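Each remark here refers to the structure printed beneath this line.
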Amino acid sequence: MSFTDLRAFMAELENRGLLKRIKIEVDAELEITEISDRVVKNGGPALLFERVKGYNMPVVTNLFGTLERMKIALGVNDLDQIGKEVLNIIQPAEMPSTLINKLKALPKLAALSSFIPKTVKSGPCKELICKEKPSLAEIPVLKCWPDDGGPFITLPLVFTKDPETGRRNVGMYRMQVYDGCTTGMHWHIHKDAAGHYDKKQKGGEGRMPVAVALGADPCVIFAATAPLPAGIDEMLFAGFLRRDPVELVKCETVDIEVPAHAEIILEGYVSEGETRLEGPFGDHTGYYSLADQYPVFHLTCVTRRKNPVYPATIVGRPPMEDAFLGKATERIFLPLMRMQLPEVVDMNMPPEGVFHNCVIVSIKKRYPGQAKKVMSALWGMGLMMLAKLIIVVDEGVDVQNVSEVMWRVFNNIDAKRDVMMVEGPLDALDHSSPMPHLGAKMGIDATRKWPSEGHPREWPGDIIMSEEVVKLVDGKWDKYGI
Numbered sequence: 125m126s127f128t129d130l131r132a133f134m135a136e137l138e139n140r141g142l143l144k145r146i147k148i149e150v151d152a153e154l155e156i157t158e159i160s161d162r163v164v165k166n167g168g169p170a171l172l173f174e175r176v177k178g179y180n181m182p183v184v185t186n187l188f189g190t191l192e193r194m195k196i197a198l199g200v201n202d203l204d205q206i207g208k209e210v211l212n213i214i215q216p217a218e219m220p221s222t223l224i225n226k227l228k229a230l231p232k233l234a235a236l237s238s239f240i241p242k243t244v245k246s247g248p249c250k251e252l253i254c255k256e257k258p259s260l261a262e263i264p265v266l267k268c269w270p271d272d273g274g275p276f277i278t279l280p281l282v283f284t285k286d287p288e289t290g291r292r293n294v295g296m297y298r299m300q301v302y303d304g305c306t307t308g309m310h311w312h313i314h315k316d317a318a319g320h321y322d323k324k325q326k327g328g329e330g331r332m333p334v335a336v337a338l339g340a341d342p343c344v345i346f347a348a349t350a351p352l353p354a355g356i357d358e359m360l361f362a363g364f365l366r367r368d369p370v371e372l373v374k375c376e377t378v379d380i381e382v383p384a385h386a387e388i389i390l391e392g393y394v395s396e397g398e399t400r401l402e403g404p405f406g407d408h409t410g411y412y413s414l415a416d417q418y419p420v421f422h423l424t425c426v427t428r429r430k431n432p433v434y435p436a437t438i439v440g441r442p443p444m445e446d447a448f449l450g451k452a453t454e455r456i457f458l459p460l461m462r463m464q465l466p467e468v469v470d471m472n473m474p475p476e477g478v479f480h481n482c483v484i485v486s487i488k489k490r491y492p493g494q495a496k497k498v499m500s501a502l503w504g505m506g507l508m509m510l511a512k513l514i515i516v517v518d519e520g521v522d523v524q525n526v527s528e529v530m531w532r533v534f535n536n537i538d539a540k541r542d543v544m545m546v547e548g549p550l551d552a553l554d555h556s557s558p559m560p561h562l563g564a565k566m567g568i569d570a571t572r573k574w575p576s577e578g579h580p581r582e583w584p585g586d587i588i589m590s591e592e593v594v595k596l597v598d599g600k601w602d603k604y605g606i
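Count along the sequence shown from 1, then add 124; that gives the number in the numbering used here.
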């Protein structure tokens with residue numbers, strides 16, 4: 125099942141009893157966060173706050189706050205299914221070697237082309253257009269945590285274009301609301317939008333157009349968070365996930381196309397060299413990210429539906445809603461990782477490590493030092509470069525069971541031999557590094573060690589009961605009276 129827009133997704137969740145309407149008045153400052161935090165940590169439903177103090181617009185949170193809702197959002201019963209489908213398109217089971225086989229492979233490429241986004245003349249996001257003194261004042265932007273620098277837009281889809289190639293990028297970068305017409309634009313130096321901004325500044329062109337969509341369909345929202353390879357259009361990826369191309373409409377004041385079925389569109393620009401203090405912000409790390417200088421977004425136009433819903437996500441000490449967005453990313457992109465590292469069996473990015481701080485992989489080990497080779501390769505893969513800790517275990521270890529992984533780590537390593545320290549890029553939110561964006565990373569080889577890896581002693585076997593006894597006890601279990 126695919127969804128045309130956010131409200132279709134919300135309706136499906138409500139039909140399944142997975143969305144709860146909050147009918148009493150609530151405050152956008154802190155109260156909605158406290159409610160949402162309690163609900164997400166208890167595996168509760170999506171929340172639609174119908175009466176927000178001082179506003180006429182409802183707020184929805186926790187849309188993706190369980191694996192079940194994540195699967196519904198992406199229209200699958202198993203998140204791994206999507207990665208397999210991606211792999212089947214870019215690497216068929218049998219690579220075409222003859223002209224006939226190449227011709228047979230064309231329908232798969234044609235099917236992918238059918239998901240290319242299409243531009244339409246208008247859409248629901250244009251029901252109301254405000255170019256004259258546009259303002260953010262009507263939007264119930266949340267102040268989430270007591271020491272936040274102000275209210276923050278937390279689920280924005282930020283559209284920019286590469287000044288050189290014209291290629292679109294869509295990312296999710298928080299936006300602190302300073303006043304009715306300006307916000308911060310918190311894009312990190314490793315992100316594509318920051319690269320576009322740097323190119324614009326070097327070109328001396330002054331303003332860079334930016335558009336922000338609030339409340340698109342769930343596949344479009346997820347696509348904005350996905351770590352896609354350079355040059356891959358997020359809207360094409362969203363179309364692939366939806367099995368239907370995304371409809372885009374041209375903005376009123378900037379040369380950018382945005383989702384036609386979004387709830388709200390903010391149009392504007394960032395100016396060359398203009399920054400403002402942004403933050404602090406209670407972040408997904410569970411700590412406040414410190415205030416720093418970031419570009420300023422200036423609002424030039426607001427277009428929206430007549431009765432829009434404002435979507436927000438709450439981040440803070442994990443697990444939070446973003447844990448499930450991250451788990452979907454992990455499962456979808458695992459097959460692509462295996463294309464470059466075929467020895468990888470499985471991967472887990474536990475929410476306690478806020479994804480970029482801990483990556484656990486199991487491998488099919490064939491030669492000495494292979495675990496360290498895998499660590500080095502992972503640090504060279506896109507945003508995996510930010511992984512602060514990589515743990516490698518043998519193929520029989522369940523990486524989704526962190527307790528089992530820790531048992532292997534605590535008991536299988538010789539610190540001098542099996543720990544690798546390197547220096548390289550780190551996430552901008554890493555408060556523990558000696559300097560911003562750069563610091564040490566650690567790799568831990570928790571695999572069984574061979575004599576050829578400097579372990580001459582015999583490695584002990586795992587304690588495992590014999591299959592015959594397991595079957596015997598299974599057959600008599602009810603008779604034990606336990």
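Each residue gets a CB set at the ideal place from its N, CA and C atoms; glycine is no exception. Every value quoted in this text rests on a predicted model; they were computed, and no experiment measured them.
> Would residue 447 be called buried (16 or more neighbouring beta carbons within 10 Å of its own) or exposed?
Replying inline: As a first step, residue 447 is located in the sequence shown; it is residue number 323 there, counting from the start. Buried, because 16 or more other Cβ atoms sit within 10 Å of the Cβ of residue 447.
> So is residue 413 buried or exposed if we call it buried at 16+ other beta carbons inside 10 Å?
Replying inline: Here residue 413 corresponds to residue number 289 of the sequence shown, with the count starting at 1. It counts as buried.
>> Taking its Cβ as the centre, do 16 or more other Cβ atoms sit within 10 Å of residue 127, making it buried, or is it exposed?
In response: Locating residue 127 in the sequence shown gives position 3, counting from the first residue. Buried, because 16 or more other Cβ atoms sit within 10 Å of the Cβ of residue 127.
> I think residue 282 touches residue 336, with their Cβ atoms under 8 Å apart; what is that distance to the nearest whole Å?
Replying inline: The sequence position of residue 282 within the sequence shown is 158, counting from 1. The sequence position of residue 336 within the sequence shown is 212, counting from 1. Right, their Cβ atoms sit about 5 Å apart.
> Quick one: any contact between the region 237–244 and the region 255–275, if contact means 3 or more CB pairs under 8 Å?
Replying inline: Because the criterion of three Cβ pairs below 8 Å is not met, the region 237–244 and the region 255–275 do not touch.
> Looking at the structure shown, is residue 524 part of a helix, part of a strand, or coil, going by DSSP?
Replying inline: For the purposes of this step, residue 524 is identified with residue 400 of the sequence shown, where counting begins at 1. Looking at residue 524 - three-state DSSP - the assignment turns out to be coil, as it is neither helix nor strand.
>> For the alpha helix (DSSP H) containing residue 343, name the first residue and the last one.
In response: If you number the sequence shown from 1, residue 343 lands on position 219. 342–349 is the span of the alpha helix (DSSP H), which, as asked, contains residue 343.
> Among 602, 592, 494 and 596, which residue has its Cα nearest to the Cα of residue 573?
Replying inline: Locating residue 573 in the sequence shown gives position 449, where the first residue counts as 1. Among 602, 592, 494 and 596, the Cα nearest to that of residue 573 belongs to 494.
>> Going by the DSSP bridge assignment, what does residue 276 pair with across the sheet?
In response: Start at 1 with the first residue of the sequence shown, and residue 276 comes out as number 152. Beta-bridge pairing by DSSP links residue 276 to 266 and 300.
>> Looking only at its chain, what residues have a beta carbon closer than 8 Å to the beta carbon of residue 285, apart from the 5 residues adjacent to it on each side?
In response: As a first step, residue 285 must be located in the sequence shown, where it is residue number 161. Correct list, in chain order: 291, 292, 293, 320, 333, 379 and 380.
>> Using a Cβ distance threshold of 8 Å, determine whether the region 352–367 contacts the region 400–412, with at least three qualifying pairs required.
In response: No, they do not touch.
> Using a Cβ-Cβ cut-off of 7 Å (strictly less than) and excluding sequence neighbours within five positions of residue 545, which residues of its own chain qualify?
Replying inline: The count along the sequence shown starts at 1 and reaches residue 545 at position 421. Answer for residue 545: 564 and 566, listed in chain order.
> Cβ atoms of residue 570 and residue 515: under 8 Å apart, would you say?
Replying inline: Taking the first residue of the sequence shown as 1, we reach residue 515 at position 391. Taking the first residue of the sequence shown as 1, we reach residue 570 at position 446. Yes, the pair counts as a contact, with Cβ atoms nearer than the cut-off.
> Taking the alpha carbon of residue 373 as the point to measure from, which residue in 469, 478, 243 and 387 has its own alpha carbon closest?
Replying inline: Taking the first residue of the sequence shown as 1, we reach residue 373 at position 249. The candidate whose alpha carbon is nearest that of residue 373 is 243.
> According to DSSP, what are the bridge partners of residue 417?
Replying inline: In the sequence shown, counting from the first residue as 1, residue 417 sits at position 293. Answer is 401, bridged to residue 417.
>> Considering Cα atoms alone, identify which of 449, 535, 606 and 271 is closest to residue 583.
In response: Numbered from its first residue, the sequence shown carries residue 583 at position 459. Ranking the options by Cα distance to residue 583, first place goes to 535.
> Does the region 305–320 come close enough to the region 413–425 that 3 or more CB-CB pairs lie under 8 Å?
Replying inline: Output reads yes: the region 305–320 touches the region 413–425.
>> Let me make sure I understand the geometry here. Which of 395, 431, 457 and 411 has the alpha-carbon closest to that of residue 386?
In response: Translated into the one-based positions of the sequence shown, residue 386 becomes position 262. For residue 386, the nearest C-alpha among the options comes from 431.
> Applying the criterion that 16 or more other CB atoms from any shown protein chain within 10 Å of the CB defines a buried residue, is residue 480 buried or exposed?
Replying inline: For this step, residue 480 is matched to residue 356 along the sequence shown. Buried.
> By a C-beta neighbour count over all protein chains shown, 10 Å radius and 16 as the cutoff for buried, is residue 133 buried or exposed?
Replying inline: Taking the first residue of the sequence shown as 1, we reach residue 133 at position 9. Buried, by the Cβ-count rule.
> CA-CA distance, residue 196 and residue 145?
Replying inline: Locating residue 196 in the sequence shown gives position 72, where the first residue counts as 1. Locating residue 145 in the sequence shown gives position 21, where the first residue counts as 1. Cα to Cα, residue 196 sits roughly 19 Å from residue 145.
>> Please report the straight-line C-alpha distance between residue 152 and residue 507, rounded to a whole angstrom.
In response: In the sequence shown, the residue the question calls residue 152 occupies position 28. In the sequence shown, the residue the question calls residue 507 occupies position 383. When rounded, the separation of the alpha-carbon atoms in residue 152 and residue 507 is 33 Å.
> What is the rounded straight-line gap between the Cα of residue 375 and the Cα of residue 449?
Replying inline: In the sequence shown, the residue the question calls residue 375 occupies position 251. In the sequence shown, the residue the question calls residue 449 occupies position 325. Spanning the two alpha carbons is a distance of roughly 28 Å.
> Which of the three DSSP states, helix, strand or coil, is assigned to residue 132?
Replying inline: Your numbering for residue 132 matches position 8 in the sequence shown. Residue 132 falls in the helix class under three-state DSSP.
> Considering only residues of the same chain and omitting the five flanking positions on each side of residue 204, which have a CB-CB separation below 7 Å?
Replying inline: Indexing the sequence shown from 1 puts residue 204 at position 80. Counting only residues of its own chain and dropping the five nearest sequence neighbours on each side, residue 204 has a CB closer than 7 Å to the CB of 455.
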